[in-house]
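Using this note's numbering, read the sequence shown as starting at 337 and increasing by one per residue.
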Amino acid sequence: MDCIILDIDGTLWDTTPIVTHAWSDVLKDRTDIAWRPSPDNLKKLFGRPLTEIAALAFPELSTAEQTKLIDQLCEAEQATLRKTPGIPFENMVETVAKLSERYKVCIVSNCEAGYIELMMSSFGLEKYITDFECPGYTGLSKGENIKLVMERNNFHSGVYVGDTIGDAKAAAFAGIPFVYCEYGFGEVEIYDYSIKRFPEILDLF
């Protein structure tokens with residue numbers, strides 16, 4: 337195996353309390369929208385493409401209005417996270433550092449442009465991460481972005497580490513094994529490996 341590719345939300349950190357505050361501020365005067373953010377509500381949505389999140393949260397709006405609103409929410413989210421970073425899962429930084437001693441470590445997430453860089457800079461992860469990608473730059477699905485990262489780095493054998501059904505499907509699309517993070521936001525029944533704590537990945541590979 338030559339690479340380990342990581343998801344972010346529900347895998348490396350939890351931003352739901354902070355994002356709840358940021359999104360609530362944007363939506364506070366939107367009486368035309370029924371949905372309101374909470375950590376539990378966000379955990380049900382995170383990991384999906386932003387267009388899907390917008391469609392599920394704001395069905396009252398047109399597609400164009402959903403896109404405009406989700407862009408506003410992401411902008412507010414990143415501004416807030418620059419001041420107050422998300423909560424890293426147990427020994428996240430130390431575990432990523434140790435993984436990087438054995439393998440090339442990459443990140444692929446269904447997020448907007450700038451989100452991965454923000455997360456990495458919050459914890460000084462840049463020196464451990466070989467490459468990263470997201471639909472905010474490519475417009476591609478998570479599975480396509482996993483394949484893209486592997487192809488441009490000439491990786492031949494890797495695993496994807498995530499916490500949702502979407503992550504499992506993305507790994508299957510890319511043709512690599514899936515490691516399910518049981519501590520994360522989603523419930524997955526079909527996977528190749530599972531971990532109850534992030535540091536346990538060091539015992540798998």
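All C-beta atoms in this analysis are idealised placements derived from N, C-alpha and C, irrespective of residue type, glycine included. Predicted model, so just to flag it, every value in this text is computed and none were measured.
With a 10 Å radius around its C-beta and 16 neighbouring C-beta atoms as the bar for buried, classify residue i as buried or exposed.
i, result
"residue 490", "exposed"
"residue 392", "exposed"
"residue 541", "exposed"
When you compare only the Cα positions, how much space is there between residue i and residue j?
i, j, result
"residue 522", "residue 528", "16 Å"
"residue 484", "residue 397", "33 Å"
"residue 409", "residue 515", "30 Å"
"residue 402", "residue 456", "28 Å"
"residue 467", "residue 400", "32 Å"
"residue 497", "residue 379", "17 Å"
"residue 424", "residue 441", "17 Å"
"residue 494", "residue 364", "43 Å"
Is the separation between the beta-carbon of residue i and that of residue j shorter than 8 Å?
i, j, result
"residue 422", "residue 351", "yes"
"residue 482", "residue 340", "no"
"residue 464", "residue 338", "no"
Excluding sequence positions up to five away, which residues of its chain have a Cβ less than 7 Å from the Cβ of residue i?
i, result
"residue 526", "504"
"residue 427", "534 and 535"
"residue 368", "396"
Select from the options the residue whose C-alpha is nearest the C-alpha of residue i.
i, options, result
"residue 536", "463, 458, 415 and 435", "435"
"residue 366", "461, 394, 463 and 388", "394"
Tell me which residues share the same chain as residue i and place their Cβ nearer than 8 Å to its Cβ, disregarding the 5 neighbours each side in the sequence.
i, result
"residue 470", "444, 445, 446, 447, 448, 449, 451, 452 and 481"
With a threshold of 6 Å on Cβ separation, who are the neighbours of residue i within its own chain once the five nearest residues in sequence on each side are excluded?
i, result
"residue 500", "383 and 522"
"residue 390", "402 and 406"
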